[in-house]
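Engineer:
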Amino acid sequence: MNGFLISKRKTFELVILLALNLLFYFVMGNWDFIILFSLGFIWNWVASQEKNIIIENNRRYRFSTLKTVFNLQNLFLKPLSKMPEPVKFVVRILPAGLFWSGVIVFNESPMPWWAVFAGSFVIELILLETKILGHKETTP
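For the sequence shown, position 116 matches number 115 in numbering that gives the first Met the number 0, and the numbering has no gaps at all.
1. Are Ile111 and Leu38 close, meaning C-beta to C-beta below 8 Å?
2. How would you write the range of the alpha helix (DSSP H) that Glu128 sits in, first residue to last?
3. What first and last residue would you give for the alpha helix (DSSP H) that runs through Glu84?
4. Give me, in chain order, the residues of the same chain whose beta-carbon lies closer than 6 Å to that of Leu16; leave out the 5 immediate sequence neighbours on both sides.
5. Give the single residue among Lys9, Leu126, Asn43, Tyr24 whose Cα lies nearest to the Cα of Asn141.
6. Mind checking Ile131: buried by the 16 CB within 10 Å criterion, or exposed?
7. Which class does Pro109 belong to by DSSP, given the choice of helix, strand or coil?
8. Among the residues of its own chain, which have a CB less than 7 Å from the CB of Ala117, if the five just before and after it don't count?
Below is the structure:
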């Protein structure tokens, strides 16, 4: 039974999240921002995973949050499949931010809704850097 194995590069991306969270904690000390930033980062990180991992393990991930996030992101981006890459870059930031901003508004919370967009933006920049520099994926 194989689990959800991620590459060394994907693990490094999560280490970047941890480092940014520690930096924000010592600079700002605001847990609301850190939590929402992490939610946006992780949402787009999950959406960047390979499709075959989730499809091959369909029975295992049938009702998982992983598959829900992956499907919501793909549903949101499907109409834009023929658009240029800069447009896709901007639109990939929106689903996580809109979802969590909706949760914040629904709960009438005084939280920084924009932090989710910031987290999504940071991981998309990291993924763009990976694509531009052509890093190869190596599984553990």
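In this text, a Cβ means the ideal position worked out from N, Cα and C, and glycines have one as well.
Structural biologist: Concretely, from the data shown:
1. Taking the sequence shown and counting its residues from 1, one reaches residue 111 at position 112. Taking the sequence shown and counting its residues from 1, one reaches residue 38 at position 39. For the record, residue 111 in the displayed sequence is Pro; it is not Ile. No, these two residues do not count as a Cβ contact at 8 Å.
2. Here residue 128 is taken as the residue at index 129 of the sequence shown, counted from 1. Start and end: 113-132.
3. Within the sequence shown, residue 84 is the residue found at index 85, counting from 1. 84-105 is the span of the alpha helix (DSSP H), which, as asked, contains Glu84.
4. The sequence position of residue 16 within the sequence shown is 17, counting from 1. So the qualifying residues of the chain are Phe40.
5. Because the chain in this structure spans residues 0 to 139, residue 141 falls outside the shown range and cannot be described.
6. Against the sequence shown, residue 131 aligns to sequence position 132. Exposed, since its Cβ has fewer than 16 Cβ neighbours within 10 Å.
7. Start at 1 with the first residue of the sequence shown, and residue 109 comes out as number 110. Correct three-state label for Pro109: coil.
8. For the purposes of this step, residue 117 is taken as residue 118 along the sequence shown, with counting starting at 1. Closer than 7 Å at the Cβ level, and outside the excluded window around Ala117, lie Phe36, Gly39.
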